[in-house]
Amino acid sequence: MGAMGAAEPLHSVLWVKRRRCAVSLEPARALLRWWRSPEPGPSAPGADARSVLVSEIIAVEEKDDCEKHASSGRWHKMENPFAFTVHRVKRVRHHRWKWARVTFWSADEQLCHLWLQTLRGLLESLTSRPKHLLVFINPFGGKGQGKRIYEKTVAPLFTLASITTEIIITEHANQAKETLYEINTDSYDGIVCVGGDGMFSEVLHGVIGRTQQSAGIDPNHPRAVLVPSTLRIGIIPAGSTDCVCYSTVGTNDAETSALHIIIGDSLAIDVSSVHYHNTLLRYSVSLLGYGFYGDLIKDSEKKRWMGLVRYDFSGLKTFLSHQYYEGTLSFLPAQHTVGSPRDNKPCRAGCFVCRQSKQQLEEEEKKALYGLENAEEVEEWQVTCGKFLAINATNMSCACPRSPGGLSPFAHLGDGSSDLILIRKCSRFNFLRFLIRHTNQEDQFDFTFVEVYRVKKFHFTSKHVEDEDNDSKEQEKQKFGKICKDRPSCACSASRSSWNCDGEVMHSPAIEVRVHCQLVRLFARGIEEES
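Numbering follows the numbering used here, with no gaps: position 205 of the sequence shown is 217.
Structure (structure tokens):
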């Protein structure tokens, strides 16, 4: 969280509300504590002791004269009370954080000033905290509440923490991405997006693209080694699912996300690049889905007039169509990872799996760099083909309020891998059983028609493209084209689906995907274990 000053420990007796309290500040532990102390002398902390890490203090303010006089009725024993207020993070249920405050009183003005100066000095030494942010607000995403959420919840907290901002309210798609390519971002400590997963995706593409442009790297090359960005991205959730925020923080609460930004949290996450014929199509951080999820998002795009209910409608329609797609998948297992998709080890703050997997991946890359082994020669690709209802690749759990476990509950945010989930053709009833398990605690991979692999690269080619390569496209059209056109409910498979890339429709019959380990950083810390 940045360097801590070498200030001396402080121990005093101050008043909190109507109670005499012992208050201690230990810079070495970066901890502020207070507990009831009925007697004037020193006392040991009891069960009622409270504490806050200095790194989770938002700001420290001196109480002004008006506030003192308004509260002076309580302090009849103090002729001229002096006070300071500590604004802090308070944890509540379901991974949510709230802004809380505690005011300390004393009759000794010099003592109050000593506490005030010491705490402020410690806060100033926290070098990871942002001071100037660029904020993009999507006023149309989700329920159209982005601007109101920012002004009512986020802006007051940024002001309290002395964070200055430049605000851009977007007016059209890709405005955030285009802006990040054009402006000089050196003066900003981070980029904040207010909106849903689509808004985040825009900022993500802008940040990564600008970084590669500055480094002289061609992102269209599938094997290009991308340079991580130094700019952190903050997400203020105001969308329909807020999958990225929920999977990295544990909740889609705007106040919680604002507090993570203020205290300067940092979390590195994986990003997948998606290519076709040496052309970069998109980047993905959450879901890359073909078949069911691709058809769902494609159909929902035509029904935006329905609002958020369009996802339910399109989901039901796609389920009833029960369409399957033929194709071939080749993938490279992520042998460097220390976890597996079914190990019951979820990704949490300070994740050991992410840390250890990144170290092992770096060792692999060093060996290849120094010629100790040829990475391409020792890589063992696996190939599978068949008829699929869905193909999903997730870099994170993809959790959301409707699916608290997500599509892959034990996927990791920064281990340099993606969980590749294959749902082969099965009955509607079995597919429904699979979908229902996204909403409960049962193992959603425990079906004979479901396969899951932890991979670092994969390629997919639809049968439609394979047929073209075999010069049989025209023959297939002549045989089946008229039948399928006249009878759309026939039993043959559709030629190809679309891809759902982080909630955006992507049309490509064949793709090449590669995971880039911990390519971008968010203002987050991962989901904390709840005590």
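All residues carry an ideal CB built from backbone N, CA and C; glycine is no exception.
Output the boundary residues of the alpha helix (DSSP H) element that contains Ala167. 167-172
Tell me whether Thr171 is buried or exposed, calling it buried when 16 or more other Cβ atoms sit within 10 Å of its Cβ. exposed
Continuous alpha helix (DSSP H) assignments of at least 4 residues falling wholly in the region 296-334: 304-313, 321-333
Contacts around Gly493, its chain only, beta-carbon distance under 6 Å, and the 5 residues preceding and following it disregarded: Because the pLDDT at Gly493 is just 44, under 50, the model does not fix this residue reliably, and the value given afterwards should be weighed accordingly. Same-chain partners within the cutoff: there are none.
Quick check: what's the CA-CA separation for Ser199 versus Pro142? 11 Å
Beta-carbon proximity check, Pro234 vs Arg445, cutoff 8 Å: no
Suppose contacts are defined by Cβ-Cβ distances below 8 Å. Is Leu131 in contact with Ile69 by that definition? yes
Residue interval of the beta strand (DSSP E) (run including Trp127): Counting along the chain, Trp127 falls outside any beta strand (DSSP E), though it belongs to the alpha helix (DSSP H) covering 121-136.
Spatially closest choice to Trp117 from Gly154, Trp109, Lys75, by CA coordinates: Lys75
Neighbour-count burial assignment, Asn264, 16 or more Cβ in a 10 Å radius: buried
Same chain only: Cβ atoms within 8 Å of Val462, ignoring 5 sequence neighbours per side: Ile433, Leu434, Ile435, Arg436, Phe446, Gln456
Do the CB positions of Ile220 and Leu531 come within less than 8 Å of each other? yes
Does the region 410-423 come into contact with the region 340-356, if we say contact requires no fewer than three beta-carbon pairs (one atom in each stretch) closer than 8 Å? yes
Separation of Phe304 from Ser326, as counted between CA atoms: 10 Å
Confirm, please, whether the CB-CB distance from Ser520 to Tyr337 is below 8 Å. no
Measuring CA to CA, which of Leu216, Val72, Arg160, Glu121 is closest to Glu267? Arg160
By DSSP, does Met211 sit in helix, in strand, or in coil? helix
Measure the beta-carbon distance from Gly538 to Cys257 and round it to whole angstroms, keeping in mind my assumption that it falls under 8 Å. No, Gly538 and Cys257 are not in contact; Cβ-Cβ is about 12 Å, not under 8 Å.
Continuous beta strand (DSSP E) assignments of at least 3 residues falling wholly in the region 232-283: 244-249
Do the region 118-138 and the region 37-53 touch if we need at least three Cβ pairs shorter than 8 Å? yes
Could you please give me the residues that DSSP links to Asp431 through a beta bridge? Thr406, Arg466
Candidates Thr182, Ser140, Val206, of which the one nearest Arg164 by Cα: Arg is not the amino acid found at residue 164; the sequence shown has Lys there. Answer by Cα proximity: Val206.
Please name the residue in Thr182, Glu377, Val237 whose C-alpha comes closest to that of Leu146. Thr182
If you check the beta carbons only, do Lys475 and Phe343 fall under 8 Å apart? no
Element boundaries [beta strand (DSSP E), containing Glu338]: 337-345
Quick one: what does DSSP say Gln363 is sitting in, helix, strand or coil? Position check: residue 363 holds Cys in this sequence, whereas Gln was assumed. The answer is coil: DSSP assigns Cys363 none of H, G, I, E or B.
Name the DSSP beta bridge partners of Asn512, please? Gly301, Val517
Using the rule of at least 16 other Cβ atoms within 10 Å of the residue's Cβ for burial, across every protein chain shown, is Leu299 buried or exposed? buried
Cβ shell of Gly306 (< 6 Å), same chain only, five flanking positions each side left out: Ser509, Ser510, Trp511, Asn512
What would DSSP say about Val350, mapped onto helix, strand or coil? coil
Classify Gly417 as helix, strand or coil using the three-state DSSP reduction. coil
Assign Tyr382 to buried or exposed, taking buried as 16 or more other Cβ atoms, counted over all protein chains shown, within 10 Å of its Cβ. exposed
Mind checking whether Ala411 and Ser259 have CB atoms under 8 Å apart? yes
Kindly indicate which three-state DSSP category Leu192 falls into: helix, strand or coil? helix
For Cys502, does the three-state DSSP call read helix, strand or coil? Unreliable positioning characterises Cys502 in this predicted model, as indicated by a pLDDT of 41, which lies under 50. A coordinate reading is not provided.
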